[in-house]
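Residue numbers (full-length UniProt numbering): 1 to 313.
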């Protein structure tokens, strides 16, 4: 017995390419959006590239915190490069088609890099927890070998699951409309185009989101609850202010990234809308990489001094 929502399979054509609608609903703003996103992309490359450079060459930034920050900035460049160049090409040429394989590759990389960002933000929170709550043990716990293992674990842990999830999605048949109402190949808009039953795929999306988004977010909350408890016990207001200032930048990035990602992937299906999803996706795929260097530079005296030394040289 066929589901009433799905038309007969034999009357439908299975597609081998998709059309990314992006922001086609505002045709009069296409060149404005191209210019805006082009400036954002250049800002992301220059800002995060500068952070990578100074964390490598400045001796005062050869610490675990800046080692993680350098890796995070490299991740942000990779993350935004998966979606923005294709979007810019679509806006400039108005040719919005993307082949089956390219769409699968883009979705897979977005999912993998998103999982890496969740874990890396959790690792950075753990680094701040050890630095503030156990300062005497910090050099021993966060030695170079341990930091390298934490970063490598963040980079590889999500790959098998997200590759498997991508294979499951693209093993489905896509028929009827081939228009993806998004600016990149995201998993939820793609499932809306699939023929047949997608309950298992939606269930896997929620399970993976809980494991790769909610769990790291919970670990970050636990770390910061202990950090706040420790900081409030410090005898001087100056010490409290300094401790909080080292965490504020990281917290700002956490709120921006996790807030939009959790609302996108874990809110009830009945409340989902393509317009809201696109706006939220802009926050965790574009806004976070753009604001990352600004947040860490404006709130961090060490980074500002390193930038000045680099400019003088």
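Note that CB positions come from ideal geometry on N, CA and C, so glycine has one too.
Predicted, not measured: the structure shown is a model, and the values here were computed from it.
| Asked | Found |
| --- | --- |
| Endpoints, the alpha helix (DSSP H) within which residue 26 is located | Where residue 26 is concerned, there is no enclosing alpha helix (DSSP H), given that its DSSP letter is neither H nor E. |
| Contained alpha helix (DSSP H) runs [length at least 4] in the stretch 8-94, N- to C-terminal order | 30-57 and 64-93 |
| Nearest neighbour of residue 107, chosen from 168, 123 and 146 [CA to CA] | 168 |
| Any 3 or more C-beta pairs closer than 8 angstroms across the stretch 290-308 and the stretch 55-73 | yes |
| Residue range of the unbroken beta strand (DSSP E) whose run includes residue 98 | 97-99 |
| Per-residue burial, residue 66 [other beta carbons within 10 Å of its own, 16 or more giving buried] | buried |
| Residues bridged to residue 258 (per DSSP) | None; residue 258 has no bridge partner. |
| Contact under 8 angstroms by Cβ, residue 115 with residue 158 | yes |
| 8 angstroms contact criterion, which residue 212 and residue 118 should meet: CB distance rounded | 5 angstroms |
| Buried versus exposed call for residue 162 [16 or more other C-beta atoms within 10 Å across all chains shown] | buried |
| Proximity below 8 angstroms, CB of residue 191 to CB of residue 202 | yes |
| For residue 194: DSSP bridge partner residues | 174 |
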